[in-house]
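Protein chains: 2
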Amino acid sequence: MSLKSHAKGSPYPSLSPGTLRIYSMRFCPFAQRTRLVLEHKKIPHETINVDLKKKPDWFLERNPLGLVPVLEKTDQVVYESLVCDDYLDQVYPDFPLYPQDAYKKARDGILLETFSQVTTAWYKLLSSGGSDEAGEKFFSVLKTYETALGDRGEFFGGATPSMLDFTAWPWFERSGVLEKVAPKYAITESNFPNIAAWQKRMFELPAVKATMFDTESHLRFFASYKAGAPDYDYGL
Amino acid sequence: MSLKSHAKGSPYPSLSPGTLRIYSMRFCPFAQRTRLVLEHKKIPHETINVDLKKKPDWFLERNPLGLVPVLEKTDQVVYESLVCDDYLDQVYPDFPLYPQDAYKKARDGILLETFSQVTTAWYKLLSSGGSDEAGEKFFSVLKTYETALGDRGEFFGGATPSMLDFTAWPWFERSGVLEKVAPKYAITESNFPNIAAWQKRMFELPAVKATMFDTESHLRFFASYKAGAPDYDYGL
Numbered sequence: 001m002s003l004k005s006h007a008k009g010s011p012y013p014s015l016s017p018g019t020l021r022i023y024s025m026r027f028c029p030f031a032q033r034t035r036l037v038l039e040h041k042k043i044p045h046e047t048i049n050v051d052l053k054k055k056p057d058w059f060l061e062r063n064p065l066g067l068v069p070v071l072e073k074t075d076q077v078v079y080e081s082l083v084c085d086d087y088l089d090q091v092y093p094d095f096p097l098y099p100q101d102a103y104k105k106a107r108d109g110i111l112l113e114t115f116s117q118v119t120t121a122w123y124k125l126l127s128s129g130g131s132d133e134a135g136e137k138f139f140s141v142l143k144t145y146e147t148a149l150g151d152r153g154e155f156f157g158g159a160t161p162s163m164l165d166f167t168a169w170p171w172f173e174r175s176g177v178l179e180k181v182a183p184k185y186a187i188t189e190s191n192f193p194n195i196a197a198w199q200k201r202m203f204e205l206p207a208v209k210a211t212m213f214d215t216e217s218h219l220r221f222f223a224s225y226k227a228g229a230p231d232y233d234y235g236l
Numbered sequence: 001m002s003l004k005s006h007a008k009g010s011p012y013p014s015l016s017p018g019t020l021r022i023y024s025m026r027f028c029p030f031a032q033r034t035r036l037v038l039e040h041k042k043i044p045h046e047t048i049n050v051d052l053k054k055k056p057d058w059f060l061e062r063n064p065l066g067l068v069p070v071l072e073k074t075d076q077v078v079y080e081s082l083v084c085d086d087y088l089d090q091v092y093p094d095f096p097l098y099p100q101d102a103y104k105k106a107r108d109g110i111l112l113e114t115f116s117q118v119t120t121a122w123y124k125l126l127s128s129g130g131s132d133e134a135g136e137k138f139f140s141v142l143k144t145y146e147t148a149l150g151d152r153g154e155f156f157g158g159a160t161p162s163m164l165d166f167t168a169w170p171w172f173e174r175s176g177v178l179e180k181v182a183p184k185y186a187i188t189e190s191n192f193p194n195i196a197a198w199q200k201r202m203f204e205l206p207a208v209k210a211t212m213f214d215t216e217s218h219l220r221f222f223a224s225y226k227a228g229a230p231d232y233d234y235g236l
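In order, the protein sequences belong to chains C and E. Note that the first sequence ends on residue 236 in the working numbering; no numbers are left out. Note that the second sequence ends on residue 236 in the working numbering; no numbers are left out.
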């Protein structure tokens, strides 16, 4: 099936009963959260990429918010990245992504729930062109995650990656984009040693390898996005 | 135990091992989410109210974000309202607040995850003094919940209240505050019949009766908050 994006006016790609489908956009970090979980759990699925500037009506019928990721299977539709990931974790219990213990799960929940502080700071640093105010804020919110990694081990999940690893990852894969715009606020082995080491380990995971782009591609996509003409099919 | 708020400099109120404590602020809608779950599930607990303008050091040690609710039990601390509520639902399984079915749970998850659209619109309508732009946005995001109630029955949970009912409730209890500021955007039986009927039913729940304030008290608190001197102990 083609990975090219489907735009308004394109026919709905028919879905076989029982097949799990993800609606995605190749460079979307939120959709990547769910693509990572699909890959990590080895869940059979098909992918339909969507043109988020010219959204097909059949896409908006499935998610009125018009965002990816969206999961569809027979007559069931789920969206919002964290909801999609929790749903997959419950329906496909192999490689569980949460601790069994309720308290440990709640402590993960806090870091998941407040991770939007990192993404917000990330985008502000990017859009400000690397302002010190945005940079200081970014470093400040990262500290919690640096400390958490120190307590937990190789991954946020300890010896194996967890929901938190995959939820956080997409913005760390794109570190190179931030470095280009805001080199002063790069994550390095000296300022965030746990995060820097974790990034290296994450890049080795099969799920990351299956869903990632290199910095050059991310930069190209960001440039096209900023210019108002996102190149959803870049590299295809 | 006194319900008066604890301010910076006050001694840490000692906590007996095994006792569940909630740190709260009497008029905080986010803390009320967790108070509702504690009451609905009949979970024994004690309450420590916190002065959110002059936060005690021992409070900030427990939640560096400085927000309520916070749960504490022996050496365990949980915060963020939705995380607290999920934790309680897992540890105290009586009166479960989520559907058993993974897909139904995911559909609830979407409405929970996107409920911040309602709270954001609610506060904008309030702070704008009832502007039409904010009012239209508020009505627009409410429609999803009006439709969902129509599909589900008496409560978002169907015949009994669910996590979604308690997550959404605090802002609907405070409808009278919004009506005062933005009467044009009041929720009525004619514009949002399902929500209006649900509000009446919710006001009858023991958990709501145990945690609510009347509109007059909410208005008084909001006025003191707006004036920069929140009256945390109003009415005590």
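We put the beta carbon where it would ideally sit given N, CA and C, even for glycine.
{"query": "Which residues in chain E have a C-beta closer than 8 angstroms to the C-beta of GLU80 (chain C)? List them in chain order.", "result": "GLY109, ILE110, GLU113, THR114"}
{"query": "Measuring only between beta-carbons, confirm whether GLN76 (chain C) sits less than 9 angstroms from chain E.", "result": "yes"}
{"query": "Check whether the region 140–149 of chain C and the region 8–22 of chain C touch, using three or more Cβ-Cβ pairs below 8 angstroms as the test.", "result": "no"}
{"query": "Which two residues bound the contiguous beta strand (DSSP E) that contains ASP49 (chain E)?", "result": "Reading the sequence as shown, one finds Asn at residue 49 (chain E) and not Asp. Where ASN49 (chain E) is concerned, the enclosing beta strand (DSSP E) stretches over 46–49."}
{"query": "Taking the beta strand (DSSP E) that TYR92 (chain E) falls in, what are its first and last residues?", "result": "No beta strand (DSSP E) contains TYR92 (chain E), which DSSP labels as neither H nor E."}
{"query": "Using beta-carbon positions only, say whether TRP169 (chain C) and VAL118 (chain C) come within less than 9 angstroms of one another.", "result": "no"}
{"query": "Can you tell me which residues form a DSSP beta bridge with GLU72 (chain E)?", "result": "E:ARG21, E:VAL77"}
{"query": "Taking buried to mean at least 16 other C-beta atoms within 10 Å of its own C-beta, is LYS137 (chain C) buried or exposed?", "result": "buried"}
{"query": "At the level of alpha carbons, what is the spacing between PRO56 (chain C) and SER5 (chain C)?", "result": "10 angstroms"}
{"query": "Report the CB separation of ARG26 (chain C) from LEU3 (chain C) in whole angstroms; it is logged as a contact under 8 angstroms.", "result": "7 angstroms"}
{"query": "Output needed for PHE115 (chain E): all residues of its chain with C-beta closer than 7 angstroms, excluding positions within five of it in sequence on either side, in chain order.", "result": "THR167, ALA168"}
{"query": "How is GLY158 (chain C) classed by DSSP in three states: helix, strand or coil?", "result": "strand"}
{"query": "Across the region 80–98 of chain E and the region 94–110 of chain C, are there enough close Cβ pairs to call them in contact, namely three or more that are closer than 8 angstroms?", "result": "yes"}
{"query": "Since GLN199 (chain C) and SER175 (chain C) are thought to touch, with beta carbons under 8 angstroms apart, how far apart are those beta carbons, to the nearest angstrom?", "result": "7 angstroms"}
{"query": "For HIS6 (chain C), list the residues DSSP reports as bridge partners.", "result": "C:VAL50"}
{"query": "Can you confirm whether GLN90 (chain E), when its beta carbon is compared against all beta carbons of chain C, has any partner nearer than 9 angstroms?", "result": "yes"}
{"query": "For GLY135 (chain E), is the classification buried or exposed, using 16 other Cβ atoms within 10 angstroms of its Cβ as the cut-off for buried?", "result": "buried"}
{"query": "Starting from the C-beta of ILE43 (chain C), find all residues in its chain whose C-beta is less than 6 angstroms away, skip the five residues before and the five after it, and write them out in chain order.", "result": "TYR92"}
{"query": "Whole-angstrom Cβ separation of SER190 (chain C) and LEU97 (chain C), contact assumed at under 8 angstroms?", "result": "Not quite, the Cβ-Cβ distance comes to about 31 angstroms (not below 8 angstroms), so this is no contact."}
{"query": "Return helix, strand or coil for THR188 (chain C), following the three-state DSSP convention.", "result": "coil"}
{"query": "Start and end of the alpha helix (DSSP H) containing TYR145 (chain C)?", "result": "132–152"}
{"query": "With DSSP as the reference, label GLU204 (chain E) as helix, strand or coil.", "result": "coil"}
{"query": "Does the CB of LYS41 (chain C) have a neighbour CB from chain E at under 9 angstroms?", "result": "no"}
{"query": "On a CA-only basis, which of E:ILE195, E:ALA102, E:VAL181, E:THR215 is nearest ASP165 (chain E)? Give me that one, please.", "result": "E:ILE195"}
{"query": "Please report whether the beta-carbon of TYR87 (chain E) lies at a distance below 9 angstroms from any beta-carbon of chain C.", "result": "yes"}
{"query": "Whole angstroms is fine: what's the gap from SER24 (chain E)'s alpha carbon to ALA227 (chain C)'s?", "result": "47 angstroms"}
{"query": "Out of E:ASP233, E:THR160, E:VAL83, state which residue places its alpha-carbon closest to the alpha-carbon of PRO69 (chain E).", "result": "E:VAL83"}
{"query": "Taking the alpha helix (DSSP H) that LYS124 (chain C) belongs to, which residues open and close that run?", "result": "116–127"}
{"query": "Hey, how far is the Cα of LEU36 (chain E) from the Cα of PRO206 (chain E)?", "result": "9 angstroms"}
{"query": "On the CB-based measure, 16 or more other CB atoms within 10 Å of its CB, does PRO183 (chain C) come out buried or exposed?", "result": "exposed"}
{"query": "Taking Cβ-Cβ distances shorter than 7 angstroms, what residues in chain C pair up with TYR145 (chain E)?", "result": "Those within 7 angstroms of TYR145 (chain E) in chain C number zero; the least Cβ separation is about 13 angstroms."}
{"query": "Since VAL83 (chain E) meets chain D, which of its residues come closer than 7 angstroms, beta carbon to beta carbon?", "result": "Of the protein chains in this structure, namely C and E, none is chain D."}
{"query": "My output table needs one value for PHE30 (chain C): the three-state DSSP class, helix, strand or coil.", "result": "helix"}
{"query": "With H, G and I counted as helix, E and B as strand and the rest as coil, what does DSSP make of ILE110 (chain C)?", "result": "helix"}
{"query": "Pick out whichever of C:ALA197, C:LEU178, C:ARG152, C:LEU142 has its Cα sitting closest to the Cα of SER128 (chain C).", "result": "C:LEU178"}
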